[in-house]
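14 is the number of the first residue of the sequence shown in my numbering; add one for each residue after it.
Reading through the C-alpha cells given below for one structure.
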Amino acid sequence: MVQIGPLKLTGPAALVAALAILGLIPWLIVLSRPRPSMLLAGAIWVGFTIYWSATAVKAPPSQRAESAASRQRHQMLLDVALLLLFVPIPGLRLPLLRGAMVPAIGLGVEVAGALLYLWAKRDLGRNWSGEISVKQGHTLVRTGPYAKVRHPMYTALVGMAVGTAIVCNQLHAVFGVITMAYAYVRKVALEERWMGEEFGAAYDDYRRASWALIPFVY
Numbered sequence: 014m015v016q017i018g019p020l021k022l023t024g025p026a027a028l029v030a031a032l033a034i035l036g037l038i039p040w041l042i043v044l045s046r047p048r049p050s051m052l053l054a055g056a057i058w059v060g061f062t063i064y065w066s067a068t069a070v071k072a073p074p075s076q077r078a079e080s081a082a083s084r085q086r087h088q089m090l091l092d093v094a095l096l097l098l099f100v101p102i103p104g105l106r107l108p109l110l111r112g113a114m115v116p117a118i119g120l121g122v123e124v125a126g127a128l129l130y131l132w133a134k135r136d137l138g139r140n141w142s143g144e145i146s147v148k149q150g151h152t153l154v155r156t157g158p159y160a161k162v163r164h165p166m167y168t169a170l171v172g173m174a175v176g177t178a179i180v181c182n183q184l185h186a187v188f189g190v191i192t193m194a195y196a197y198v199r200k201v202a203l204e205e206r207w208m209g210e211e212f213g214a215a216y217d218d219y220r221r222a223s224w225a226l227i228p229f230v231y
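Structure representation (C-alpha cells):
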C-alpha cells in the first residue's frame, strides 16, 4: 500500500505510484546538474540501499513488529530527508562552507557512517531487522559499538546524512539532516519502550551506562 496524505493506494496503483516516486528523485537530481562529488555521495546511498534491501529479506521472524502505519510514517520522513539532501530547493541554496577539501571531508564522513552501520549490524547478528521488532529469542547486545551507544545503526544513518550535507554544502541539505535525525529520534523512542518491556531491569542498567544515539548529547 502507498499512502499520500489521506489517499491510500493498493495493488497495481500502489506499484505505479511507488515507481513514479522513485523515478522522480533521480529525475530531479539530474535536472540540477550535480557535481561529481554529489553523484558519488548518491552512489554510496544507492549501494547502501541495495545492501539493506537484500539483507532485510533474510531477517529472522519476529514475535512483535512495528505497525504498517508507523513504518510508512518513518519511510515518508526518510524520503523527505533524502530529497532535501540531494535536490536543490530555490531559496535554500546558500553555500555554508568554503574550501576545496569540503567534498572530500563530507564523503569521508558518509563512508564512516556506512562502515559504522556494517559494524553494528555484524554485532547485532540475528537480532537485526529492517523494522522495529522483537525477535524470537531476542538477546540484549552490548558489544562493539553497542557498548556505548544503544542504537548505533541509527547514529550511522544520521552520520551518512551529515556527510552528504557537507558534500552538498547548501542550506537545504541541513534541513535534510534535521528531518533524518527526527525520523530516528522518533524510532528510538518506540524501540526504547519495547526493549525496556522485553529486558526490564537489564535494559535500565544499559540505559544508565550508554547513550541512545549521539555520545555526550543524547
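Yeah, the Cβ is synthetic: ideal placement off N, Cα and C, and Gly gets one too.
Small disclaimer: the values here were computed from a predicted structure and weren't measured.
By the neighbour-count criterion, in which a residue is buried when 16 or more other Cβ atoms sit within 10 angstroms of its Cβ, residue 65 is exposed.
Cβ contact annotation for residue 225 (same chain, cutoff 8 angstroms, sequence separation greater than five): 162, 163, 164, 201, 205 and 231, in chain order. Annotation: the stretch 171–206 contains no complete segment of the alpha helix (DSSP H) (minimum length 4 residues). In this structure, residue 154 and residue 137 form a Cβ contact; the two beta carbons are roughly 6 angstroms apart against a cut-off of 8 angstroms. When DSSP states are grouped into helix, strand and coil, residue 122 belongs to the helix group.
Taking the Cα positions, residue 175 is about 14 angstroms away from residue 96. Rounded to whole angstroms, residue 114 and residue 121 show a C-alpha spacing of 11 angstroms.
Per DSSP, the unbroken alpha helix (DSSP H) holding residue 95 starts and ends at 81–99. In the three-state DSSP reduction, residue 115 falls in the helix class (H, G or I). The DSSP-derived three-state label of residue 65 is helix.
In the DSSP assignment, residue 214 falls within the alpha helix (DSSP H) that extends over 214–221.
Rounded to whole angstroms, the gap between the alpha carbons of residue 160 and residue 193 is 24 angstroms. Excluding sequence positions up to five before and after residue 134, its CB lies within less than 8 angstroms of the CB of 68, 141 and 166, all in the same chain and listed in chain order. Per DSSP, reduced to three states, the secondary structure at residue 132 is helical. Here the C-alpha atom of residue 217 lies approximately 15 angstroms from the C-alpha atom of residue 152. Shown here, residue 228 sits in coil according to DSSP, grouped into three states, outside any helix or strand.
Straight-line measurement puts the Cα of residue 98 at about 7 angstroms from the Cα of residue 181.
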